[in-house]
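A quick write-up on the structure given underneath.
There are 2 protein chains.
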Amino acid sequence: MRVLLPPMKLQPIDTSVTLKDHIYERMRAAILEMDLYAEDADLRLDERSLADQLGVSRTPLREVLIRLEQEGLLEVQPRRGIFVQRKTLTEILEMIVAWAALESMAARLAAEAASDDEIASLRDMAAKYSLTAQGADIAEYSDDNIRFHQRILDISHCKLLSKMAAGLFVHMHAVRRRAMGEEDRVAKSVVDHMGIIEALEAREGALASDRVRDHTMRLHDHVRQFWRAAEHTDISKGEAR
Amino acid sequence: MRVLLPPMKLQPIDTSVTLKDHIYERMRAAILEMDLYAEDADLRLDERSLADQLGVSRTPLREVLIRLEQEGLLEVQPRRGIFVQRKTLTEILEMIVAWAALESMAARLAAEAASDDEIASLRDMAAKYSLTAQGADIAEYSDDNIRFHQRILDISHCKLLSKMAAGLFVHMHAVRRRAMGEEDRVAKSVVDHMGIIEALEAREGALASDRVRDHTMRLHDHVRQFWRAAEHTDISKGEAR
DNA sequence: ATCTGGCATCTGGTATACCAGATAGCAGAA
DNA sequence: TTCTGCTATCTGGTATACCAGATGCCAGAT
Chain S
1 MRVLLPPMKL QPIDTSVTLK DHIYERMRAA ILEMDLYAED ADLRLDERSL
51 ADQLGVSRTP LREVLIRLEQ EGLLEVQPRR GIFVQRKTLT EILEMIVAWA
101 ALESMAARLA AEAASDDEIA SLRDMAAKYS LTAQGADIAE YSDDNIRFHQ
151 RILDISHCKL LSKMAAGLFV HMHAVRRRAM GEEDRVAKSV VDHMGIIEAL
201 EAREGALASD RVRDHTMRLH DHVRQFWRAA EHTDISKGEA R
Chain X
1 MRVLLPPMKL QPIDTSVTLK DHIYERMRAA ILEMDLYAED ADLRLDERSL
51 ADQLGVSRTP LREVLIRLEQ EGLLEVQPRR GIFVQRKTLT EILEMIVAWA
101 ALESMAARLA AEAASDDEIA SLRDMAAKYS LTAQGADIAE YSDDNIRFHQ
151 RILDISHCKL LSKMAAGLFV HMHAVRRRAM GEEDRVAKSV VDHMGIIEAL
201 EAREGALASD RVRDHTMRLH DHVRQFWRAA EHTDISKGEA R
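Residue numbers (the working numbering), protein chains in the order written: chain S, 1 to 241; chain X, 1 to 241.
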């Protein structure tokens with residue numbers, strides 16, 4: 001060994017990103033863009049057409065579709081078609097419950113594991129709305145809101161919790177866009193957030209956990225009422241399967 | 001319409017089960033059979049060889065492998081190989097945390113939603129060990145133990161919680177088989193279970209939730225110590241990625 | 001004996017071809 | 001006109017061929 005430390009430093013090239021990964025990103029983004037839950041939404045996808053549009057062959061595309069099916073975004077009906085999956089009200093409510101479970105545990109961990117800076121970052125995020133609660137744009141608030149909650153998951157330093165919640169996020173996003181309506185939820189939400197932050201700052205894990213759970217379960221109850229009121233006892237394609 | 005109710009009744013044929021599904025079952029079972037975490041375990045898989053053994057082509061097999069990768073059982077390294085994935089201690093601990101999050105929420109729901117019979121079924125499961133705690137076979141107890149916990153998830157009537165936990169189960173199973181050693185954990189576990197059952201019977205959601213979480217987090221702490229003691233600060237292939 | 005560079009070969013990634021079930025439209029019979 | 005059954009065709013499922021990166025062996029140079 002002549003040279004232990006070569007003068008030139010090179011970062012290894014990430015060779016693990018493959019065509020599939022790009023396709024995945026595109027597809028996921030495209031699906032997020034779609035206005036699911038619109039009455040006239042075209043939920044059917046065509047493998048060959050998609051492959052053409054993306055400029056790839058069906059094989060890698062299919063593997064992506066499989067993956068998206070795993071994540072519950074698509075439904076593949078053999079020899080029938082591939083469909084973007086709408087969720088039933090029950091499924092949506094269950095997702096919110098699962099989210100509550102994950103995030104409340106994250107809050108408990110965060111109260112112990114998060115740094116002061118990390119907790120402070122939550123306060124920064126919330127500060128934006130503390131004064132202008134009522135005037136805030138709902139769509140924008142919705143985005144920031146979910147970022148706030150993801151941040152809690154992140155500062156728990158439990159990667160798995162974040163990852164599992166991320167799988168639910170896609171649906172939550174689509175649902176919120178359609179369901180978030182009651183003005184007064186924004187104000188309540190802001191108050192809840194402050195309560196959560198204070199519990200974390202006080203390093204009260206159990207309290208933070210409870211508050212996060214209660215907060216998310218309020219969304220749960222809200223959605224249950226809202227969707228039911230909107231004549232969507234079952235928002236999916238019905239008894240299709 | 002001549003006949004509204006034909007005299008012959010036929011159940012629709014389930015045409016949705018495809019080759020992939022069979023392959024999936026086989027592969028998953030085969031991986032579960034493998035003694036992961038054995039020093040000399042051969043973790044490498046070969047697509048072509050597997051396809052031969054199963055008598056199918058690579059394409060459907062690959063889609064299954066993708067799915068198993070999604071579930072965290074495999075790791076596909078492009079142009080290198082496919083490996084059964086060992087988990088690092090950190091990852092295992094995170095899985096236990098996630099499990100605790102899901103199951104404690106399930107217990108909370110179960111306290112409200114489960115029928116008396118369902119809660120009684122838990123007591124039946126636990127009764128088997130209430131008397132013979134020390135004498136019980138560890139492997140057998142381990143299996144029954146995890147069934148008990150899955151049952152709690154089931155009677156929450158939240159399918160998603162069960163499903164998400166099921167994804168973690170595979171690893172929990174493999175880890176338990178190797179880690180479950182301390183005799184006295186069995187006795188403690190039995191006591192914990194009874195406490196959980198009592199809380200559910202009393203319909204005390206918050207209490208049941210706390211007890212479930214504490215119980216699982218005790219496993220968490222136990223595993224953390226046990227694996228560390230067993231010279232497995234990192235049980236995976238190291239800094240491989 | 002050691003190091004370097006090329007090549008054979010192994011492995012997963014991608015493309016393409018073909019198969020069979022699902023559908024819908026149409027032709028012919030009643 | 002209506003019903004039946006055939007068929008063209010569309011769609012996903014499966015098989016196969018080929019591509020390129022990753023590896024390891026080995027010959028030739030030092």
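Cβ coordinates follow ideal geometry from the N, Cα and C atoms, glycine included.
Alpha carbons only, please: which of the options is nearest the one belonging to residue i?
i: S:C158; options: X:A106, X:D116, X:W99 and X:M105; result: X:W99
i: X:E94; options: X:R79, X:R151, X:F169 and X:M27; result: X:F169
i: X:I82; options: X:I92, X:Q70 and X:E91; result: X:Q70
i: X:M105; options: S:L219, S:D210, S:D21 and S:W227; result: S:D210
i: S:L200; options: S:F226, S:A107 and S:F148; result: S:A107
i: S:W227; options: S:I23, S:G195 and S:I92; result: S:I92
i: S:A208; options: S:Y129, S:H220 and S:A101; result: S:A101
i: S:R86; options: S:L19, S:H173 and S:D117; result: S:H173
i: X:D103; options: X:L68, X:R48, X:A30 and X:S162; result: In the sequence on display, residue 103 of chain X carries Glu and not Asp. Nearest option by C-alpha distance: X:S162.
i: X:K188; options: X:R151, X:Q225 and X:N145; result: X:N145
i: S:L32; options: S:V186, S:S49, S:D116 and S:G72; result: S:G72
i: X:D117; options: X:D137, X:E140, X:T90 and X:I152; result: X:I152
i: S:V76; options: X:R79, X:I138, X:V17 and X:M27; result: X:V17
i: X:H149; options: X:T90, X:R213 and X:V56; result: X:R213
i: S:Q53; options: S:A30, S:M34 and S:L74; result: S:A30
i: S:D245; options: S:V56, S:G167 and S:R185; result: Nothing can be reported for residue 245 of chain S: it is not among the residues displayed for chain S, which extend from 1 to 241.
i: X:L74; options: X:G167, X:G55 and X:Q225; result: X:G167
i: S:S142; options: S:P78, S:L160 and S:L219; result: S:L219
i: X:D14; options: S:P78, S:D137 and S:I13; result: S:P78
For a test of the three-state rule: what should DSSP assign to residue i, helix, strand or coil?
i: S:R86; result: coil
i: S:G72; result: coil
i: S:V223; result: helix
i: X:R44; result: strand
i: X:A29; result: helix
i: S:G205; result: helix
i: S:D14; result: coil
i: X:V244; result: Missing from the structure shown is residue 244 of chain X; chain X here goes from 1 to 241 and no further.
i: X:S104; result: helix
i: S:G55; result: coil
i: S:M95; result: helix
i: S:M217; result: helix
i: S:M194; result: helix
i: S:R2; result: Reliability of the predicted coordinates at S:R2 is poor, the pLDDT of 42 falling under 50, and the value obtained from them is presented with this limitation in mind. Correct three-state label for S:R2: coil.
i: S:D234; result: Annotation note: pLDDT 38 at S:D234 (below 50); position unreliable, coordinate value reported separately. Correct three-state label for S:D234: coil.
Can you name, in chain order, every residue of its own chain whose Cβ lies under 8 Å from the Cβ of residue i, other than the five neighbours on each side?
i: X:I197; result: I119, L122, R123 and A126
i: S:Y24; result: V64, R67 and L68
i: X:R203; result: A111 and E112
i: S:R242; result: Lying before the first or after the last residue shown, residue 242 of chain S is absent from chain S, which here runs from 1 to 241.
Quick one: residues in its chain with C-beta nearer than 6 Å to the C-beta of residue i, no 5 flanking neighbours on either side, listed in chain order?
i: X:R44; result: G81 and F83
i: X:D192; result: H215
i: X:D154; result: S162
i: S:A139; result: none
Could you please give me the residues that DSSP links to residue i through a beta bridge?
i: S:G81; result: S:Q77
For residue i, which residues in the same chain have their Cβ closer than 7 Å to its Cβ, ignoring the five residues on either side in sequence?
i: S:A113; result: S156 and H157
i: X:T216; result: I96, W99, A100 and E103
i: X:G205; result: R108, A111 and E112
i: X:P60; result: L19, K20 and I23
i: X:M27; result: V64 and L68
i: S:V56; result: L19 and I23
i: S:A313; result: Lying before the first or after the last residue shown, residue 313 of chain S is absent from chain S, which here runs from 1 to 241.
i: X:M164; result: L102
Any heavy atom of the ligand GTP closer than 7 Å to the Cβ of residue i?
i: X:I23; result: Absence of the ligand GTP from the depicted structure is noted, as is the absence of any ligand whatsoever, leaving it without description.
4-residue-minimum alpha helix (DSSP H) runs that sit fully inside the segment 113 to 176 of chain S, ordered along the chain | 116 to 130 and 138 to 154
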